[in-house]
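Peer 1:
Residue numbers (mature numbering (1 follows the signal peptide of the UniProt record, and there is no 0)): -22 to -1, 1 to 425.
(1) Check the C-beta distance from residue 269 over to residue 200 and give it rounded, since I have them as a contact under 8 Å.
(2) If we ignore side chains and look at the alpha-carbon of each, how far apart do residue 288 and residue 276 end up?
(3) What residue from -9, 214, 12 has the CA that sits closest to residue 229's CA?
(4) Does residue 223 come out as helix, strand or coil in the three-state DSSP assignment?
(5) Is it buried or exposed for residue -10, if we count other Cβ within 10 angstroms and need 16 for buried?
(6) Measure from the alpha carbon of residue 27 to the alpha carbon of each residue in 109, 223, 238, 316, then state which is nearest.
(7) I'd like to know whether the C-beta atoms of residue 61 and residue 96 end up nearer to each other than 7 Å.
(8) So, for residue 112: in the same chain, excluding its five sequence neighbours on each side, which residues have a beta-carbon less than 7 Å away from its beta-carbon?
(9) Please list the terminal residues of the continuous alpha helix (DSSP H) segment that includes residue 320.
(10) DSSP beta-bridge partners for residue 262?
(11) Got a sec, what are the start and stop residues for the beta strand (DSSP E) residue 280 sits in?
(12) Rounded to whole angstroms, what's the CA-CA distance from residue 114 to residue 206? Just pull it up for me.
(13) Less than 7 Å separating the beta-carbons of residue 224 and residue 293?
(14) For residue 218, does the three-state DSSP call read helix, strand or coil?
(15) Buried or exposed for residue 445, going by 16 or more other Cβ atoms inside 10 Å?
(16) Between which two residues does the alpha helix (DSSP H) holding residue 228 run?
(17) Check for me: the beta strand (DSSP E) holding residue 274 runs from which residue to which?
(18) Helix or strand or just coil, what does DSSP make of residue 40?
(19) Leaving out five residues before and five after residue 57 in sequence, what residues of the same chain have Cβ atoms less than 6 Å from its Cβ?
(20) Only counting the same chain, and skipping five residues up and downstream in sequence, which positions put a Cβ closer than 7 Å to that of residue 101?
(21) Which of helix, strand or coil does DSSP assign to residue 10?
(22) Compare the C-alpha of residue 237 against each of 44, 265, 45, 20 and name the closest.
(23) Could you tell me the boundaries of the beta strand (DSSP E) in which residue 206 lies?
(24) Find out if the Cβ-Cβ distance for the pair residue 44, residue 107 is shorter than 7 Å.
(25) Have a look at 221, 239, 234, 55 and flag the residue whose alpha-carbon is nearest the alpha-carbon of residue 248.
(26) I need the straight-line Cα distance from residue 343 to residue 320, nearest angstrom please.
(27) Kindly list the residues whose CB is nearer than 7 Å to the CB of residue 227, restricted to its own chain and excluding five residues on each side of it in sequence; keep chain order.
(28) If you follow the beta strand (DSSP E) that residue 292 is part of, which residue opens it and which one closes it?
(29) At the level of alpha carbons, what is the spacing between residue 170 and residue 251?
(30) Cα-Cα, which of 87, 317, 209 is closest to residue 11?
(31) Express the C-alpha separation of residue 233 and residue 318 in angstroms, rounding to a whole number.
(32) Measure the C-alpha to C-alpha separation of residue 324 and residue 337 and round it to an integer number of angstroms.
(33) Starting from the Cα of residue 211, find the closest Cα among 350, 82, 231 and give me that residue.
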């Protein structure tokens, strides 16, 4: 007889062996697909690494963080490549080589997976660093363009006090805080034209005044024109910190088909001199309601027509200097009193009741029309019937007695026609009205 303890040990050994064999079989089942997936993902990571390297080559001098990340990525790739090469049995074919390869894949799975994850993380880290470098380069390019427009350090020759000039302006200039004065005539004199010399004034920090007619920085502007309804004209606007006028190209006005009677002709022309030899002569103007796109405030302003197709509209310094006019369009309806709200509510209920009554009336008229169509025609009574044939000599011609009507003796008379025709009027044109003898007795006739 076997020892019970030995039986327990044998059973435990069998269970452990069975579980180990099941785990090995499961590892054999999913190891090959996982290894193939890792090989495919490594190819993608190598492409990402190649693109990242090109970005750093264009960047120039590499930061120390990028150099350290690159060395780490190279070490992880060499380690992973060595592990992958060890798994393949070269120069051997057959079942034994296949089994040996699978055994290596199973028993080195954890090490290979750790090396793969390290290589993937290093590649993604390099990609993030390359994205930061690309963004910084784009910002530097944008900053170089903005510095051409916003020059904070001005020399003494670029800041000139604007003299009084009544010929080039229809109204006296208004002083604006933190605004650099700039005279087109003085600028023309600096480039060879003759004009009076103006005094110079030094300012520490100010926006460089210039006309940006040839600039590439634009913003979305919508013009609203009212003529036989509202028409919206989307244009691209440019800013001008050295001009007091809003300018619009004549091409925009012609494209919008604005009639000539909406354009005002100036009594006195206004000459303007800008940078790079730009010269305009303002002869016409038109009033628009306009607003910047995605802005809640709209404005009313005069736009002077110029024959230049290098821009759509130019917004003058009155807008960019900080002055804002009142809103031209109502963005919110004014509030109403309680009495007005109650009156609107009562009017609304009265309109609903009126519409409901009209609907019910129309429904009843339709129902009555259907009933009249379903009624049979009235049977006429011939006129040749002598009065003596009627009981007691009563002259009931074509009009039967109404059911439930008492006669002189207190008896009720019944009609000889069907009930559906009792209430219908006689249709024969030659029938005389009903003549009833109050002293006659109505005879009950069988139907």
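We put the beta carbon where it would ideally sit given N, CA and C, even for glycine.
Peer 2: With the structure as the only source:
(1) Counting from one through the chain shown, the residue named residue 269 turns up at place 291. Counting from one through the chain shown, the residue named residue 200 turns up at place 222. With a Cβ gap of about 6 Å, residue 269 and residue 200 count as contacting.
(2) Reading the chain shown from its first residue, position 310 is the one you call residue 288. Reading the chain shown from its first residue, position 298 is the one you call residue 276. So the alpha carbons of these two residues sit roughly 25 Å apart.
(3) The residue given as residue 229 occupies position 251 in the chain shown. If we check each option's Cα against that of residue 229, 214 comes out closest.
(4) Mapped onto the chain shown, residue 223 falls at position 245. The answer is coil: DSSP assigns residue 223 none of H, G, I, E or B.
(5) The residue labelled residue -10 in the question sits at position 13 within the chain shown. Around the beta carbon of residue -10, a 10 Å sphere encloses fewer than 16 other beta carbons of the protein chains shown; the residue is thus reported as exposed.
(6) Along the chain shown, one-based indexing puts residue 27 at 49. Here the closest residue by C-alpha is 109.
(7) Within the chain shown, the letter at position 83 stands for residue 61. Within the chain shown, the letter at position 118 stands for residue 96. Taking 7 Å as the cut-off, the Cβ atoms of residue 61 and residue 96 do not count as close.
(8) Translated into positions along the chain shown, residue 112 becomes position 134. Once the five neighbours on either side are set aside, the close Cβ partners of residue 112 are 33.
(9) Position 342 of the chain shown, counted from the first residue, corresponds to residue 320. Segment 316 to 352, the alpha helix (DSSP H) holding residue 320.
(10) On the chain shown, residue 262 is found 284 positions in, with the first residue counted as 1. Beta-bridge annotation (DSSP): residue 262 is paired with 243.
(11) Here residue 280 is taken as the residue at index 302 of the chain shown, counted from 1. Note, residue 280: beta strand (DSSP E), 277 to 284.
(12) In the chain shown, counting from the first residue as 1, residue 114 sits at position 136. In the chain shown, counting from the first residue as 1, residue 206 sits at position 228. Computed Cα separation, rounded: 52 Å.
(13) Along the chain shown, read from residue 1 onward, the residue named residue 224 stands at position 246. Along the chain shown, read from residue 1 onward, the residue named residue 293 stands at position 315. Contact flag set, yes.
(14) Position 240 of the chain shown holds residue 218. Strand.
(15) Nothing in the structure corresponds to residue 445, since the chain is present only between -22 and 425.
(16) Position 250 of the chain shown, counting from 1, holds the residue named residue 228. First-last of the alpha helix (DSSP H) with residue 228: 228 to 233.
(17) Within the chain shown, residue 274 is the residue found at index 296, counting from 1. Taken as a continuous stretch (DSSP letters only), residue 274 belongs to no beta strand (DSSP E), as it is neither H nor E.
(18) Taking the chain shown and counting its residues from 1, the one referred to as residue 40 is at position 62. In the three-state reduction of the DSSP assignment, residue 40 falls in the coil class, being assigned neither a helical nor a strand state.
(19) The count along the chain shown starts at 1 and reaches residue 57 at position 79. Shown here for residue 57: same chain residues with a beta carbon closer than 6 Å to its own, the five before and five after excluded, namely 93 in chain order.
(20) To locate residue 101, count along the chain shown from 1; it is residue 123. Cβ within range, chain order: 23, 26, 27, 51.
(21) Within the chain shown, residue 10 is the residue found at index 32, counting from 1. Residue 10: helix per DSSP, three-state reduction.
(22) Your numbering for residue 237 matches position 259 in the chain shown. It is 265 whose Cα lies nearest to the Cα of residue 237.
(23) The sequence position of residue 206 within the chain shown is 228, counting from 1. It is not in any beta strand (DSSP E) - residue 206 carries neither H nor E in the DSSP assignment.
(24) Locating residue 44 in the chain shown gives position 66, counting from the first residue. Locating residue 107 in the chain shown gives position 129, counting from the first residue. For residue 44 and residue 107, yes; Cβs fall inside 7 Å.
(25) In the chain shown, the residue the question calls residue 248 occupies position 270. The residue with the shortest Cα to Cα distance from residue 248 is 221.
(26) In the chain shown, residue 343 corresponds to position 365, counting from 1. In the chain shown, residue 320 corresponds to position 342, counting from 1. Distance between the alpha carbons of residue 343 and residue 320 is about 35 Å.
(27) Position 249 of the chain shown, counted from the start, is the residue given in the question as residue 227. Counting only Cβ-Cβ distances below 7 Å, and skipping sequence neighbours, we find 284, 286, 287, 289, 290.
(28) Residue mapping note: residue 292 aligns to position 314 of the chain shown, counting from 1. The continuous beta strand (DSSP E) containing residue 292 extends over residues 291 to 293.
(29) Here residue 170 corresponds to residue number 192 of the chain shown, with the count starting at 1. Here residue 251 corresponds to residue number 273 of the chain shown, with the count starting at 1. The predicted model places residue 170 with a pLDDT of 48, which falls under 50 and marks its position as unreliable; any figure quoted below should be read in that light. Computed Cα separation, rounded: 14 Å.
(30) As a first step, residue 11 must be located in the chain shown, where it is residue number 33. The shortest Cα separation from residue 11 among 87, 317, 209 belongs to 87.
(31) Sequence index remark: in the chain shown, residue 318 carries index 340 (1-based). Sequence index remark: in the chain shown, residue 233 carries index 255 (1-based). The alpha-carbon of residue 318 is positioned some 45 Å away from that of residue 233.
(32) If you number the chain shown from 1, residue 324 lands on position 346. If you number the chain shown from 1, residue 337 lands on position 359. Cα atoms of residue 324 and residue 337: separation of roughly 20 Å, rounded to the nearest angstrom.
(33) For this step, residue 211 is matched to residue 233 along the chain shown. Closest by alpha carbon: 231.
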